[in-house]
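Protein chains in written order, with the working numbering: chain A, 12 to 388; chain B, 8 to 257.
Where a beta carbon is used, it is the ideal one built from N, C-alpha and C, also for glycine.
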Amino acid sequence: MLKRAFIAIGALGLAFGVWGVYDRLAFGHENADYGSYVVWGLWVAMYLFFAGVAAGGLMLASLDFLFDLPIFKGTGRVALWGALVSLAAGLLSIWLDLGHMERIWKVYLQGNPSSVMFQMVWGYTLFGLVLAASLGLAIWRPASRWLKALMILGIPLALFVSGAVGALLGVQAARPFWHVGLFPVQFPVFSLASGAAMLLAAIGLFGRADDPRRPQQLWILAIITVGLQLIKLYFLWADFSQSIYGNVPLNVEAVNEVMFGQYWWAFWILQLGLGSLVPIAVLVHPRLARHSGWAGWMGLLTLMGFAVARANIVFPALTIPELKALTTAFTDVHLQFNYFPSPMEWAVTAGTLGLATLAFLIGCDRFALFSIPKGEV
Amino acid sequence: MLDVLEHVDVLTRMREDLKRALGKPVDQRRWVMVIDLRKCVGCHACTIACVAENKLPPGVVYRPVLEEEIGSYPNVSRRFLPKPCMQCDQPPCVPVCPVSATYKDENGVVVIDYDQCIGCRYCITACPYASRTFDFGGTYTLATPQVEGIIIGREIADAYERAANFEYLERRARTRRGASPEGNVRKCHFCLHRLAEGMLPACTTTCIGRATFFGDANDPESLVAELIGSPNVMRLKEDLGTEPRVYYLT
Numbered sequence: 012m013l014k015r016a017f018i019a020i021g022a023l024g025l026a027f028g029v030w031g032v033y034d035r036l037a038f039g040h041e042n043a044d045y046g047s048y049v050v051w052g053l054w055v056a057m058y059l060f061f062a063g064v065a066a067g068g069l070m071l072a073s074l075d076f077l078f079d080l081p082i083f084k085g086t087g088r089v090a091l092w093g094a095l096v097s098l099a100a101g102l103l104s105i106w107l108d109l110g111h112m113e114r115i116w117k118v119y120l121q122g123n124p125s126s127v128m129f130q131m132v133w134g135y136t137l138f139g140l141v142l143a144a145s146l147g148l149a150i151w152r153p154a155s156r157w158l159k160a161l162m163i164l165g166i167p168l169a170l171f172v173s174g175a176v177g178a179l180l181g182v183q184a185a186r187p188f189w190h191v192g193l194f195p196v197q198f199p200v201f202s203l204a205s206g207a208a209m210l211l212a213a214i215g216l217f218g219r220a221d222d223p224r225r226p227q228q229l230w231i232l233a234i235i236t237v238g239l240q241l242i243k244l245y246f247l248w249a250d251f252s253q254s255i256y257g258n259v260p261l262n263v264e265a266v267n268e269v270m271f272g273q274y275w276w277a278f279w280i281l282q283l284g285l286g287s288l289v290p291i292a293v294l295v296h297p298r299l300a301r302h303s304g305w306a307g308w309m310g311l312l313t314l315m316g317f318a319v320a321r322a323n324i325v326f327p328a329l330t331i332p333e334l335k336a337l338t339t340a341f342t343d344v345h346l347q348f349n350y351f352p353s354p355m356e357w358a359v360t361a362g363t364l365g366l367a368t369l370a371f372l373i374g375c376d377r378f379a380l381f382s383i384p385k386g387e388v
Numbered sequence: 008m009l010d011v012l013e014h015v016d017v018l019t020r021m022r023e024d025l026k027r028a029l030g031k032p033v034d035q036r037r038w039v040m041v042i043d044l045r046k047c048v049g050c051h052a053c054t055i056a057c058v059a060e061n062k063l064p065p066g067v068v069y070r071p072v073l074e075e076e077i078g079s080y081p082n083v084s085r086r087f088l089p090k091p092c093m094q095c096d097q098p099p100c101v102p103v104c105p106v107s108a109t110y111k112d113e114n115g116v117v118v119i120d121y122d123q124c125i126g127c128r129y130c131i132t133a134c135p136y137a138s139r140t141f142d143f144g145g146t147y148t149l150a151t152p153q154v155e156g157i158i159i160g161r162e163i164a165d166a167y168e169r170a171a172n173f174e175y176l177e178r179r180a181r182t183r184r185g186a187s188p189e190g191n192v193r194k195c196h197f198c199l200h201r202l203a204e205g206m207l208p209a210c211t212t213t214c215i216g217r218a219t220f221f222g223d224a225n226d227p228e229s230l231v232a233e234l235i236g237s238p239n240v241m242r243l244k245e246d247l248g249t250e251p252r253v254y255y256l257t
């Protein structure tokens, strides 16, 4: 029943997305709300989010395929499939964000290796190949020794790509809010947290009810999720408090924008309240954390909170003018410091989420990813 | 009276300077722009000249004039700050480009290869001066109705906007949807196409207050070399170490 509901929601999202993609392809970026000042919008935020889930998914899969933790036996394939679907959704989001989508090949053949974006594109390509190969082996040749080798290769790659996402923003000295030396360290932690939440949601909502290890798996994933949530909250506190004490105007304004600006509700209600505090409050209770429904929905809420957190990193830094008088210097719909995603942007994102949901659920059924290892029942 | 008659307009002098500079090898020139903020009257003629010269579509601006009100009533004054691309010697926008579409050319001007740019806009986020804008592909005449025989409709009105510009000495008409420079990042390039023909940048010739100066800083006889040697010179955000080639006289 729940699966059908998710399939229906995914299909609706996909239908909405078809319109969005048509608009994007037919009219370019004209109907987007981002512009030349708030230059990256919802799609970039979703890319950061999906890419984080993908890297985290592979890290979680290593608990099964590399470290052979008995409690995680049988979860690796779901984690890898979730990671692959997320990676595809992230790459789709960022591809549609390009001004010239047809030129993406230039990054491979005529690229600039000193650019963090170049390194990230290459990193994600290698990561995607490792992910796909690992999943293929996990499904069709689970006994292959190559699977462990791929995991050994995949973990540093996952750390590299998620760190590169942090570096993509961190190297920008022009944006003090992003210019945080620890971003490349923080982002792999965010990725691991996203991967744990994804697996928690997947096993909680769609895992097999007759799997005897399921409550214990959920409990351990809940502990991991809560632990990483707390670390993430500490990072948030460290970043914001240092920015405010440091009192660099552009930085303080960006922090204030997150907390009290046009996205205050996204920060306090979605990111901190529903996305962090509610899941922590529920998942610290062993009984609730072992309950598939509670655990699954809390995993989903955590993911939602992480997606909003990515948006709260991307937009606010861009809504602060580099030079004060820019706001009135030359006006146009694409020269504004206010940003709220347009219907076309929401539609494309809904389509991406819908496609990812459908692909994940269909893949889980098609490849029987939730099967119980022999001898466990 | 005689002094006035003998006075040489700065434009004339700058043209002479330009002619001398163009006679030198490219690597021995150092193009700089000097803007005298005390002379700027905030007329925005330079902004409009630039839009017309480069056929810039809506939302694309190479040289906005920033206006700031200082003080509170009745002690209020206003100042204007024309802001082209700073053509930094250490440009933060260049190393971030994943496809090397933006680079410093042999003239020391930061340029964009429109056929190489993928439109990721990473360079826009890297620029501390907000000197880059994205071409969303619109036209000013987009909402003009098309009513045959009654008024001049959109098809005729936007012919000017569709006409080719000559940025980077390339003829680019906006006739095909999605073709570059649409979908590209765009920026001021010191009117390289005009310089190649021995003409000063459009903003410089258009400035009614003679507040904008352009020339070769490597020529000690040039007006700009003289101006940037004065004590009241400043550059924007010097602390970032970008080494802008646009100087302001305050």
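- When only Cα atoms are considered, residue 137 of chain A and residue 146 of chain A end up about 14 Å apart.
- Classified as exposed, residue 16 of chain B has fewer than 16 neighbouring CB atoms from the shown chains inside 10 Å of its CB.
- Of all alpha-carbon atoms in B:135, B:185 and B:21, the one lying nearest the alpha-carbon of residue 261 of chain A is that of B:135.
- The C-alpha of residue 199 of chain B is placed about 57 Å away from the C-alpha of residue 17 of chain A.
- Neighbourhood of residue 72 of chain B in chain A, by CB distance below 7 Å: 340, in chain order.
- The C-beta separation of residue 49 of chain A from residue 329 of chain A comes to about 4 Å, placing the pair in contact by the 8 Å criterion.
- When Cβ pairs closer than 8 Å are counted between the two stretches, the segment 270 to 290 of chain A is seen to touch the segment 306 to 323 of chain A, the count reaching three or more.
- With 16 or more neighbouring CB atoms inside 10 Å of its own CB, residue 92 of chain A falls in the buried class.
- Looking at the backbone, the Cα of residue 53 of chain A and that of residue 361 of chain A are separated by about 11 Å.
- Counting of Cβ neighbours within 10 angstroms places residue 48 of chain B among the exposed residues, the total staying below 16.
- One thing to note: residue 195 of chain B has its Cβ within 9 Å of the Cβ of residue 94 of chain B.
- A contact between stretches requires three or more CB pairs, one per stretch, nearer than 8 Å, and the segment 40 to 47 of chain A meets this requirement with the segment 336 to 352 of chain A.
- Under the 9 Å criterion on CB atoms, residue 123 of chain A is classed as interfacial with respect to chain B.
- Judged by DSSP secondary structure, residue 89 of chain B falls within the beta strand (DSSP E) whose first and last residues are 84 to 89.
- Chain A places no beta carbon closer than 9 Å to that of residue 216 of chain B, leaving this residue out of the contacts.
- Contact between residue 21 of chain A and residue 369 of chain A holds: their C-beta atoms lie close to 4 Å from each other, under 8 Å.
- Interface with chain A (9 Å Cβ-Cβ cutoff): residue 134 of chain B is included.
- The bridge partners DSSP lists for residue 172 of chain B are B:179.
- In chain order, 60, 207, 208 and 209 place their CB closer than 8 Å to the CB of residue 201 of chain B, counting only its own chain and leaving out the 5 sequence neighbours on each side.
- Under the 10 Å beta carbon count, residue 250 of chain B is surrounded by fewer than 16 other beta carbons and is classified as exposed.
- Sequence-distant Cβ neighbours of residue 229 of chain A in its own chain, meaning closer than 7 Å and more than five residues away, are 211, 214, 215, 300, 301, 303 and 306.
- Per DSSP, the unbroken beta strand (DSSP E) holding residue 40 of chain B starts and ends at 38 to 43.
- Non-local beta-carbon contacts of residue 254 of chain A in its own chain, meaning distances under 8 Å to residues more than five positions away in sequence, involve 187, 188, 262, 263, 265 and 266 in chain order.
- Take residue 118 of chain B, set aside five residues on each side of it, and the residues of its chain with a beta-carbon closer than 6 Å to its own are 112 and 196, in chain order.
- In this structure the segment 57 to 75 of chain A does not lie against the segment 18 to 37 of chain A, because fewer than three pairs of beta carbons, one per stretch, are closer than 8 Å.
- Under the Cβ criterion of 9 Å, residue 108 of chain A is counted among the residues facing chain B.
- In the DSSP assignment, residue 58 of chain A falls within the alpha helix (DSSP H) that extends over 53 to 76.
- Interface criterion not met: the Cβ of residue 117 of chain B is under 9 Å from no Cβ in chain A.
- Annotated three-state conformation of residue 19 of chain B is helix, per DSSP.
- Taking the Cα positions, residue 169 of chain B is about 12 Å away from residue 188 of chain B.
- If you look at residue 21 of chain A, you'll find it in the alpha helix (DSSP H) that goes 13 to 38.
- Nearest CB-CB separation between residue 35 of chain B and chain A: not below the 9 Å threshold.
- Residue pairing by DSSP places residue 223 of chain B opposite B:38 in a beta bridge.
- Restricted to the segment 330 to 363 of chain A, not a single beta strand (DSSP E) segment is unbroken, complete and at least 3 residues in length.
- Judged by their CB atoms, residue 223 of chain B and residue 25 of chain B are nearer to each other than the 9 Å cut-off.
- For residue 101 of chain B, the closest of A:102, A:129 and A:103 by C-alpha to C-alpha distance is A:129.
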